[in-house]
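A short worksheet on the structure shown next.
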Amino acid sequence: MRQMIIGNWKMHGLLESGTDLAREITSAIEPVLAARDVVLAPPFTLLGHLAPLLSRHAVRLGAQDCHAEPEGAYTGDISAVMLADLGVSHVILGHSERREHHHETNAGIRKKVQRAREHGLCPVVCIGEGAHQREDKRAEAWLTTQIVECLPPEFDGILAYEPIWAIGTGVAATPEDIESRLTFLHGALSRHLETDDKSHRVLYGGSVKPEDAASILAVSGVGGVLVGGASLSAKSFLGIAQAGLSLAP
Ligand code: 13P
1090 MRQMIIGNWK MHGLLESGTD LAREITSAIE PVLAARDVVL APPFTLLGHL APLLSRHAVR
1150 LGAQDCHAEP EGAYTGDISA VMLADLGVSH VILGHSERRE HHHETNAGIR KKVQRAREHG
1210 LCPVVCIGEG AHQREDKRAE AWLTTQIVEC LPPEFDGILA YEPIWAIGTG VAATPEDIES
1270 RLTFLHGALS RHLETDDKSH RVLYGGSVKP EDAASILAVS GVGGVLVGGA SLSAKSFLGI
1330 AQAGLSLAP
């Protein structure tokens, strides 16, 4: 399975700075695309603007959330059909920052997942345990609940394992920790969805940097990485996207 590198820009980027970043990334991304899929997820305000540039370079366009309804009286919200209309192909759902700041629940995320699929978007569903659950050895039960409650039985999208204690801290999980967690998650996924083990793409996210990207991407079962802070610099995002590949000079 091809690995996927997703840049989650979070709430960063204005017209000029976002365009410059996307231009710098796309100008050097072509060799990577022979081996890996690349998605950039800028804020909503830049989606329509960046769509033509990314599509010319075969970089996929991602959004960072969508509403569960296709339209209606939901001031300030954006629906999956609106995203599809702009050329968005992937949508990040259930990110821990939205769970924390917007009180998103597993049941609400599941509705968004179904709606995204209905409109042809590939959902990238984020799950992850916090530091307390990890210390109390409750992480596996927590992750299993997130899988069971967020993913409908017909789910064929992408799962992103983002331990909350690693996000934005500068300290990624170790390759050993990622491997054991991903082995667990692939098992939980295949039981819940009644599919073959490892048939789903599972990404790792949390302080991925160019220095440790090659060892993370080499972990068995890792379907790619979801990058936050390091996706805001073309040099570091490209360093991650190229990590471990032997590219022609
Ligand atoms: P950082 O890479 O900044 O830790 O963020 C990870 C993340 O939240 C990606 O969705």
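Residue numbers for the sequence shown, in the working numbering: 1090 to 1338.
We put the CB at the ideal spot given by N, CA and C, even for glycine.
- Message: Here's a check: name, in chain order, each residue in its chain whose Cβ is nearer than 6 Å to the Cβ of Gly1313, leaving out the five neighbours to either side.
- Response: Within the same chain, Gln1092, Met1093, Ile1094, Leu1292 come within 6 Å of Gly1313 by CB-CB distance, once the 5 residues on both sides are set aside.
- Query: Short check: CB of His1281 to CB of Pro1242, under 9 Å?
  - Reply: yes
- Any heavy atom of the ligand 13P within less than 6 Å of residue CB: hits in chain order: Asn1097, His1184, Glu1251, Ile1256, Gly1257, Gly1294, Gly1295, Ser1296, Val1297, Leu1315, Val1316, Gly1317, Gly1318, Ala1319
- Query: Since His1179 is in the beta strand (DSSP E), which residue starts that stretch and which ends it?
  - Reply: If you look at His1179, you'll find it in the beta strand (DSSP E) that goes 1179-1182.
- Would you kindly work out how many angstroms separate the C-alpha atoms of Ala1332 and Lys1200, rounded to a whole number? For Ala1332 and Lys1200, the distance between alpha carbons rounds to 35 Å.
- Rounded C-alpha distance that separates Arg1223 from Val1316: In a straight line, the C-alpha of Arg1223 is about 22 Å away from that of Val1316.
- Of all the alpha helix (DSSP H) runs that stay within the bounds of the segment 1256-1319, which reach a length of 4 or more residues? 1264-1282, 1299-1306
- Item | beta strand (DSSP E) segments (min. 3 residues) lying fully within the segment 1125-1207 | 1125-1130, 1149-1152, 1179-1182
- Message: Given this structure, state the Cα-to-Cα distance separating Val1148 from Ala1111, to the nearest angstrom.
- Response: The alpha-carbon of Val1148 is positioned some 10 Å away from that of Ala1111.
- From this set, Gly1183, His1146, Gly1165, Phe1133, which residue's C-alpha is nearest Leu1173's C-alpha? Checking the sequence shown, residue 1173 turns out to be Ala, not Leu. Taking only the C-alpha atoms, the option nearest Ala1173 is Phe1133.
- Query: What is the residue span of the beta strand (DSSP E) that Ile1329 lies within?
  - Reply: It is not in any beta strand (DSSP E) - Ile1329 instead sits in the alpha helix (DSSP H) that spans 1323-1331.
- Query: Hey, would you say Ile1256 sits closer than 9 Å to Gly1217, going by beta carbons?
  - Reply: yes
- Message: If you follow the beta strand (DSSP E) that Ile1095 is in, where does it begin and where does it stop?
- Response: 1092-1097
- What is the rounded straight-line gap between the Cα of Met1100 and the Cα of Ser1322? 14 Å
- Ile1247, DSSP secondary structure in three states: strand
- Query: How should Val1237 be labelled, buried or exposed, when 16 other C-beta atoms within 10 angstroms of its C-beta is the threshold for buried?
  - Reply: By the neighbour-count rule (16 or more Cβ atoms within 10 Å), Val1237 is not buried but exposed.
- Are Gly1096 and Ser1320 touching if we call contact CB-CB under 9 Å? Yes, Cβ-Cβ distance for Gly1096 and Ser1320 is below 9 Å.
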